[in-house]
Amino acid sequence: MTSTPPPVTAGATVYGHPRQGGSRELKRAVEGYWRGRVTAGVLGEVAAGLRRANWRQLAEAGIDEVPTGDFSLYDHVLDTVVMVGAVPERHRAAVAGAALGGYFAMARGTQDAAPLEMTKWFDTNYHYLVPEVGPGTVFTADSTRQVGELAEALALGYAARPVLVGPVTFLLLARPAPGVTAGFEPLSLLERLLPVYARVLADLRAAGAEWVQLDEPALVQDRSGAELEAAARAYAVLGGLGDRPRLLVASYFGRLGEALPVLAGSPVEGLAVDFTGPAAGNLAALAAAGGLPGRRLVAGVVDGRNIWLNDFEESLATLNTLLGLAGRVDVAASCSLLHVPLDTAPETDIDPAVLSWLAFARQKTAEVVTLARGLAQGPGVIAAELAANRAALASRADSPITHDPVVRARAAAVTDADTRRPQPYAERTTAQREHLNLPLLPTTTIGSFPQTAELRTARADLRAGRIDAAGYEARIRAEIAGVIAFQEEAGLDVLVHGEPERGDMVQYFAEQLTGYVATRHGWVQSYGTRYVRPPVLAGDISRPGPMTVRWTTYAQSLTDRPVKGMLTGPVTMLAWSFVRDDQPLGDTARQVALALRQEVTDLEAAGTPLIQVDEPALRETLPLRAADRPPYLAWATEAFRLTTSGVRAETQIHTHMCYAEFGDIVSAIDDLDADVISLEAARSRMRIAHELAAHHYPRQTGPGVYDIHSPRIPTTNETTTLLRQALNAIPADRLWINPDCGLKTRTWPETTASLHNLVTAARQIRAELASTTS
Ligand code: GLN
Ligand code: ZN
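Residue numbers (numbering that gives the first Met the number 0): 0 to 773.
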């Protein structure tokens, strides 16, 4: 008698794949096209080749249904703008003239037409282009790209599932176009948009799509009753269409909450749901909602946005529970694999122990396939994989890398007193005033000075062994000397060393902290053709020795003016890294904070009178749901205070954040208890100064008066105008004068001209204030 295997009830799939290729071929091709060195035809071939390679890899790994339409030359939300015909008025002509040229014009802007705005895709570090709509927007369906990519995959013999940004998420991500009256709600265009989606679905059906995935991650955010009703309406309409593919509505990045019964109750054939980390609560919620009897459930049990090995036993337990809740269960990564690097294989420099705990896109694909096999045929068929997985997880849990007793003891010993400066702000200001002896309206900068080609060459020379460490240090010191000389000549009051030694404000510290691991090839798309290599918080964090002290003290040795020390804060260190998933984020933040606190203490001991701890990521890391924000802000602000509270009253702590909208975190900013904060404000015409005043923010503030994102040089007059506006909100004895952000992306001529004007403006306003008060 032969035993027949049980029927396969579980497939394996993913929602998207890294786009760039093994050696970032896509970046080279797209940038080559922009420079006129690559033709549109060649770019198209490179792109098609990458898609083919991705599908082949997925299929060979055992993925049953490959995604199509997830690939993009720049951004998948911009592709959706094209698909629904929501091209902004100012780009119409360009798009009509040449589709590809117009596409990139929307992404990057032209001399005459600003690009679409760019912002973070939910709480990831991927940036999408923000659709612009208004009451006059006329949507038109353009399914060319989606149909074309589906046809490519089908022609190659793959079972394929087109993936689209869903209509509700598209409108919830959109903003009113410039000039549209305030109060316009993009979601009010839903009825107009649905027929366009209906058309695209019909085209995909005609092209052979059995299933189409509609991504609705916006439904894991807090949504109003009206927004949930819109979602219900959207899927009632699309589900009610006649000849259409089967619909899989996907959500990721969190708990669906009230949106779960809405989706479960809609006439679609399947849902894809995230069950990783904090989204694990979707399991109980799905059970409570009665599951999806007879329908398809795609279970995101492999974390698609972090780089750790999956816990197979835990995932199988979840999957087995889900089997009872749906007609068919497929295994997937929780979101597109776009957010993780391609492959761990080339990472030959990483400690093999740590490497065995990591899973990038290729490894995650294999995990999904293994879990699907285990689910369909029983754990016996994946016994070897289960054993290896168990061993790797155990080695991670037991490793001295993840459990350093010294670090653990230090973190456990932290008291509330360690997270508070002994003297209140008012007392500190007096001490600082005497110690620093600064003029009214002190002028300073945010830290970095231009990162010149010479500096990049020096770093490349060091890496390639063309110069040794001493030679590199000499070049950096020469740069610091130049930066100090310039600032003295320009007449700035608080100087900086200019950060020439830092290619990246997180990487620089990560490389020097034990417990952090850097990748060599772990590129992840940040936006367009920009890729970053986030370091990995792999183990317990400690600081073997000072990281910045020699640069800051060298700078201070060259001048009598105070030099400000410059560090990246703990929240930003976490936000721009891959974080540990085996302990709460707050614990990791505390370890990083303790290491940075040592640096702060060493800087102070070396005679640094002011220390700036940058936290540009404080706001962007804010959890998607309001209920999750207070606990986040509690550990985040505590980590900042732990970093900065070990200093004497006369040592002035600065912080910096680069964004102009943060009404929702003003009280958290106050909780940082920094003496001085510098912020972006130039473009928003000092709105931030007024917001802070409205919240009675009690400390010193430097609202930026120079928009460093633009090559424009602000005139003295513009600057004095901004300063007068700032003085309407902030008293003169609490106002600092500085640019919006660091100058690393600017050129030297722009920098010198702008800072000369800034100092002149400060002197002019000081003179005005002196004449009105005398
Ligand atoms: N100190 C950093 C700089 O000046 C701050 C950068 C940032 O806020 N992103 O470059
Ligand atoms: Zn900034």
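Every residue gets a Cβ at the ideal spot worked out from N, C-alpha and C, and that includes glycine.
Being a predicted model, the structure only gives us computed values, none of them experimental.
Pairwise C-alpha distance: GLU487 and LEU566: Per the coordinates, the alpha-carbon of LEU566 lies some 22 Å from the alpha-carbon of GLU487.
Buried/exposed call for ARG34, threshold 16 Cβ in 10 Å: That one is exposed.
Secondary structure, alpha helix (DSSP H): runs of 4+ residues fully inside the stretch 115-172: For the stretch 115-172, the continuous alpha helix (DSSP H) assignments of 4+ residues that do not extend past its boundaries occur at 143-154, 166-172, in sequence order.
Near the ligand ZN: HIS126 beta-carbon under 7 Å from a heavy atom: It does not: the Cβ of HIS126 is nowhere closer than 7 Å to a heavy atom of the ligand ZN.
Per-residue DSSP class, three states only, for GLN220: Three-state result, GLN220: coil.
Same chain, Cβ closer than 8 Å to PRO4, neighbours up to 5 away in sequence not counted: Caution is warranted here: a pLDDT of 43 is assigned to PRO4, below 50, making its placement in the model unreliable, and the coordinate value is therefore given only provisionally. GLN376, listed in sequence order.
Cβ-Cβ separation, VAL129 to THR118 (assumed contact under 8 Å), whole Å: Right, the Cβ-Cβ distance comes to about 6 Å (below 8 Å), so this counts as a contact.
For THR67: DSSP bridge partner residues: Residue pairing by DSSP places THR67 opposite PRO161 in a beta bridge.
Beta strand (DSSP E) runs contained entirely in the stretch 495-551, provided each spans 3 or more residues: The beta strand (DSSP E) runs of length 3 or more contained entirely in the stretch 495-551 are, from start to end of the chain, 513-516, 523-526, 529-531, 535-541.
Beta carbon proximity, ARG519 to chain D, threshold 8 Å: Looking for chain D here will not work: only one protein chain is present.
Segment limits, beta strand (DSSP E) that includes SER677: Where SER677 is concerned, the enclosing beta strand (DSSP E) stretches over 675-678.
Cα-Cα separation between GLY224 and GLY585, rounded to whole angstroms: If I take the Cα positions, the gap works out to 33 Å.
Within 8 Å, strictly: CB atoms of ASN309 and GLU366: Here ASN309 is near GLU366, since their CB atoms are less than 8 Å apart.
Candidates SER770, PRO17, ASP503, ILE668, of which the one nearest HIS338 by Cα: Distances from the alpha-carbon of HIS338 to those of SER770, PRO17, ASP503, ILE668 put PRO17 closest.
Reference ALA648, options TYR696, ARG419, THR746, closest by Cα: Selected option, being the one with the closest Cα: ARG419.
Residues that DSSP places opposite PHE577 in a beta bridge: Answer by DSSP bridge pairing, in chain order: VAL535.
For THR317 and ALA231, the rounded distance between their alpha carbons: Computed Cα separation, rounded: 27 Å.
Other residues of its chain near TYR507: CB distance less than 6 Å, five sequence neighbours each side excluded: Excluding residues within five positions, the ones whose Cβ falls inside 6 Å are ARG501.
Distance cut-off 7 Å: LYS26 Cβ against heavy atoms of the ligand GLN: Checking the Cβ of LYS26 against the ligand GLN gives no.
Cβ-Cβ separation, ARG698 to ALA673 (assumed contact under 8 Å), whole Å: Contact holds; Cβ gap of about 7 Å.
For ARG245 and VAL269, believed in contact at Cβ under 8 Å, the rounded distance: At residue 269 the sequence reads Gly, which differs from the Val that was named. Contact holds; Cβ gap of about 7 Å.
Boundaries (first-last residue) of the beta strand (DSSP E) holding ARG327: Note, ARG327: beta strand (DSSP E), 325-332.
Neighbourhood of GLU690 by C-beta, 6 Å cutoff - its chain only, sequence neighbours within 5 removed: Only GLY662 meet the Cβ criterion.
Cβ neighbours of THR443 in the same chain (closer than 6 Å, five flanking residues each side left out): Shown here for THR443: same chain residues with a beta carbon closer than 6 Å to its own, the five before and five after excluded, namely VAL493, ASN737 in chain order.
Own chain, CB closer than 7 Å to GLU148, minus 5 neighbours either side, in chain order: Taking GLU148 as the centre and dropping the five residues before and after it, the same chain places the C-beta of ARG50, THR67, GLY68, PHE70 closer than 7 Å to its C-beta, in chain order.
Proximal residues to PRO6 (C-beta, below 6 Å), its chain only, five neighbours per side dropped: Legend: pLDDT at PRO6 = 46, less than 50; position of this residue unreliable, value from coordinates given subsequently. So no residue of the chain qualifies.
C-alpha gap between THR696 and GLU660, whole angstroms: Reading off the sequence, residue 696 comes out as Tyr, not Thr. Those two C-alpha atoms are separated by around 15 Å.
Terminal residues of the beta strand (DSSP E) in which ILE306 lies: In the DSSP assignment, ILE306 falls outside any beta strand (DSSP E), carrying neither H nor E.
Outcome for ASP221 when other beta-carbon atoms lying within 10 angstroms are tallied against a minimum of 16: Exposed, because fewer than 16 other Cβ atoms sit within 10 Å of the Cβ of ASP221.
Where ARG529 falls, given that 16 or more other Cβ within 10 Å makes a residue buried: Counting Cβ neighbours within 10 Å, ARG529 comes out exposed, since fewer than 16 surround it.
Cβ-heavy atom distance, ILE479 to the ligand GLN, below 7 Å: Checking the 7 Å criterion, the Cβ of ILE479 is out of range of every heavy atom belonging to the ligand GLN.
Closest Cα partner of GLU510 within the set GLY490, VAL591, HIS434: Out of GLY490, VAL591, HIS434, VAL591 has the C-alpha closest to the C-alpha of GLU510.
Neighbourhood of TYR553 by C-beta, 7 Å cutoff - its chain only, sequence neighbours within 5 removed: If the five residues before and after TYR553 are omitted, its C-beta is found closer than 7 Å to the C-beta atoms of ARG476, ILE479, all from its own chain and listed in chain order.
Identified DSSP bridge partners for HIS653: HIS653 is bridged to GLN611, VAL675.
Counted within 10 angstroms of its Cβ, other Cβ atoms place ARG579 as buried (16 or more) or exposed: Buried, by the Cβ-count rule.
For PRO545 and GLU598, believed in contact at Cβ under 8 Å, the rounded distance: Their Cβ separation, rounded to whole angstroms, is 6 Å, which keeps GLU598 and PRO545 in contact under 8 Å.
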